[in-house]
Amino acid sequence: MSLQLPADFAASIKKSLGTAYPAFLDALDEEPPVSIRLNPHKKIPDTGTAVPWCSTGRYLPSRPVFTTDPFLHAGAYYVQEASSMFLEQAIVQHVDRSRPLRVLDVSAAPGGKSTHLLSLISADSILVANEVIRSRASILSENIQKWGYPNVVVTSNDPQDFGRLAGFFDVIVLDAPCSGEGLFRKDKDAMQEWSPRHVQLCAQRQERILHDVWPSLKENGVLIYSTCTYEEAENLDQLIRVTKVYDAECLQLEIPDPWNIAVLKKEDASGYQLYPHLVKGEGFFLGALRKKSTQDNARRGGYKKQVQTPSSTVISQVSAWVDDPAKCFWIQHGETVHMMPEGMRVDWPILQSSLNVVYAGTAVGTVTRNKIIPEHSLALSIRLQKESHPTHELSIDDALQYLRKNPIAVEAPEGMTLVTYGGLGLGWLNVLKNRSNNLYPVNWRIRNL
Ligand code: SAM
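For the sequence shown, the working numbering gives the first residue as 19, with consecutive numbering after it.
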């Protein structure tokens, strides 16, 4: 056994796993499986083998150099650990997706669960992807823009700020900060940080976050709680406490036997634990709760911020750049015009007045004195009207040069050209008479190939 587990952790997991402990240790010595989740709106050749609990999850036979794959930068897939894709089962089995939903991902960076949720909810639903740490919210925003869906608002708020949105959300996902025991095989730092005291602090923080966000869940709404740890105090005990303190019931999931997912029960609560010796994935825990009634008065304040909308001339120009413009709601933030689904007309004034918005909908264009310049996120959008601009398909070499923000020579008419790889938008190139300007965002460029 090469991995030196913290002694206290080893003793407690040995006790809880009993005869399965040697198999658990063996699994920690194996190479972690490699998995991706495909973007249903950005088709690439399907590859790998299916992750049983996730319709778009795929195991890859080995780890490619993801950075040098333009499809990753085009948002065609997200590199995600397979166990955490189990979230799909809670949504599919307990959420009515036939009606528009308001969904909150409380701790969303870097965006694994949020991009997954966007693939699962309907186009007229909305996701608020929140991350309290501002620098991590930027990474979240980048990954959300690459995924290309317009029905999303990225925010950077402390969980307690969601108290301003009493009874607002149909679904809340709390993928909580935790002691990270399930990631020891992949993340040696998590092992360094581990201590019984750290577990205790994590449990206290989880309790506080649950307390803070619970009022913003609607009556009959579903809260999905997950961690990547094995600690009962951070997992089942959190579910039990919610059912005791608030009016909530713990929901059960149907799990086919071959999936090898352990069903944990304590008092009236059920939780689902994925172990690395039983599944092809890391350690992951998930439970789901339904709110039976609201104890809070769902009163929200007035919405102080005015909604800025673009002029009709601007709207008529940018409408040509997106599919189905009749189903869009347009806002203007500074010089930038953003597109959102029509249903956001009601929710946007509430969200922009209550939360610190980092990014919203799809940024479509920037209005200058005499023209509108397409925004980078439009190039990545699943709603881009491809015929609206000249398109130039890049070779793999040119695509990588483009993603490094190096100059590339293309033969295309002068003006803004959408560059694609495998038919998927990567960004914009401003073609001039004798050269072209590579408009790839400087902060997103590939630094080392
Ligand atoms: N859901 C993300 C995904 O699938 O990509 C992973 C989330 S990670 C397990 C937990 C997140 O909680 C981190 O992004 C971390 O910054 C955030 N976090 C840390 N402290 C927090 C707090 N006090 N309240 C809410 N979130 C917090």
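A virtual CB, placed ideally from N, CA and C, is assigned to each residue, including glycine. Quick caveat, the model's predicted, so the values are computed rather than measured.
8 Å CB neighbourhood of residue i in its chain, flanking five on each side removed
i      : result
Asp365 : Arg120 and Ile144
Lys32  : Tyr39
Gly368 : One point to set straight first is that residue 368 is Ile, not Gly, in the sequence displayed. Hits under 8 Å: Leu183, Phe186, Arg318 and Tyr321.
Thr65  : Arg76 and Leu78
His216 : Ser197
Leu128 : It should be pointed out that residue 128 corresponds to Pro in this sequence rather than to Leu. Around Pro128: Arg154, Ile157, Leu158 and Asn161.
Ser174 : Asn148, Glu149, Val150, Ile151, Arg152, Ala155, Asn374 and Val376
Nearest to residue i (by Cα), restricted to the options the options
i      : options                           : result
Asn169 : Ala208, Lys131, Pro392 and Pro118 : Pro118
Val191 : Gly181, Ser174 and Ala147         : Ala147
Thr386 : Val332, His216 and Leu307         : Val332
Thr438 : Asp114, Ser399, Ile109 and Ser116 : Ser399
Val189 : Leu136, Ala378 and Ile157         : Leu136
Glu405 : Tyr377, Pro425 and Met434         : Met434
Ala306 : Val336, Arg259 and Cys346         : Arg259
Ala141 : Arg453, Pro408 and Gly361         : Gly361
Val263 : Leu228, Gly289 and Lys284         : Leu228
Thr354 : Gly36, Arg363, Gly383 and Ala344  : Gly383
Pro70  : Asp47, Gln370 and Pro276          : Pro276
Ile109 : Ser372, Cys220, Arg308 and Leu43  : Arg308
Lys345 : Ser329, Arg363 and Gln335         : Arg363
Asp26  : Asp179, Pro82, Arg226 and Glu249  : Glu249
Ala45  : Thr247, Ile426, Ala280 and Gly301 : Gly301
Asp255 : Pro408, Leu282, Val231 and Ile464 : Leu282
For residue i, the first and last residue of its enclosing alpha helix (DSSP H)
i      : result
Ala155 : Arg152 to Trp165
Trp1   : The requested residue 1 does not occur in the structure, where the chain is confined to residues 19 to 467.
Ser330 : Ser330 to Ser337
Gly130 : Gly130 to Leu138
Ser454 : Run containing Ser454: none in the alpha helix (DSSP H); it sits in the beta strand (DSSP E), Ser454 to Asn456.
Run of the beta strand (DSSP E) containing residue i, from where it starts to where it stops
i      : result
Tyr95  : Tyr95 to Val97
Tyr39  : Element bounds for Tyr39: not the beta strand (DSSP E) but the alpha helix (DSSP H), Tyr39 to Leu46.
Leu219 : Premise fails: Leu219 lies in the alpha helix (DSSP H), Pro214 to Val231, not in any beta strand (DSSP E).
Met434 : Gly433 to Tyr439
Ala29  : Looking at the DSSP string, Ala29 is not in any beta strand (DSSP E); the run it does join, the alpha helix (DSSP H), is Ala25 to Leu35.
Trp446 : Leu442 to Val449
7 Å Cβ shell around residue i - same chain, five flanking residues per side excluded
i      : result
Asn278 : Leu296 and Val297
Glu160 : Trp462
Ala41  : His295
Thr327 : Trp348, Ile349 and Gln350
Gln403 : Ala338, Trp339, Val340 and Asp341
Thr245 : Ala194, Cys196, Glu252, Asn253 and Phe303
Asp176 : Val150
Pro51  : Tyr77, Ala100, Lys298 and Gly299
Tyr458 : Tyr420, Leu421, Lys423 and Gly445
Glu285 : Ile258
Asn310 : The sequence as given places Lys at residue 310; Asn does not occur at that position. Same-chain partners within the cutoff: Asp265, Ala266 and Glu267.
Gln335 : Ile390
Close beta carbons around residue i, own chain, < 6 Å, minus the five adjacent residues each side
i      : result
Cys72  : Met103 and Glu106
Asn455 : Asn448
Gly8   : Lying before the first or after the last residue shown, residue 8 is absent from the chain, which here runs from 19 to 467.
Ser395 : Gln163, Thr380 and Ala381
Gly181 : Pro233
At a cut of 8 Å, does the segment 210-225 reach the segment 162-176 through at least three beta carbon pairs? no
Between the segment 53-63 and the segment 91-104, are three or more C-beta pairs nearer than 8 Å? yes
With three or more beta-carbon pairs closer than 8 Å as the criterion, would you say the segment 76-89 touches the segment 434-446? yes
Fully enclosed by the segment 349-426, which alpha helix (DSSP H) runs are 4 residues long or longer? 362-372, 394-398 and 414-421
Contact the segment 408-417 vs the segment 373-391: 3+ CB pairs below 8 Å: no
Under 8 Å, with one C-beta from each stretch per pair, do the segment 48-56 and the segment 267-276 reach the 3-pair mark? no
Contiguous beta strand (DSSP E) assignments of at least 3 residues, all confined to the segment 243-307: 266-269, 280-284 and 287-292
Three or more C-beta pairs closer than 8 Å, one from the segment 227-238 and one from the segment 198-210: is that the case here? no
Report the residue ranges of all beta strand (DSSP E) runs contained in full by the segment 52-112; include only those spanning at least 3 residues, in chain order. 52-56, 67-69, 72-78 and 95-97
Runs of 4 residues minimum, wholly inside the segment 188-212: which ones carry the alpha helix (DSSP H) assignment? 206-211
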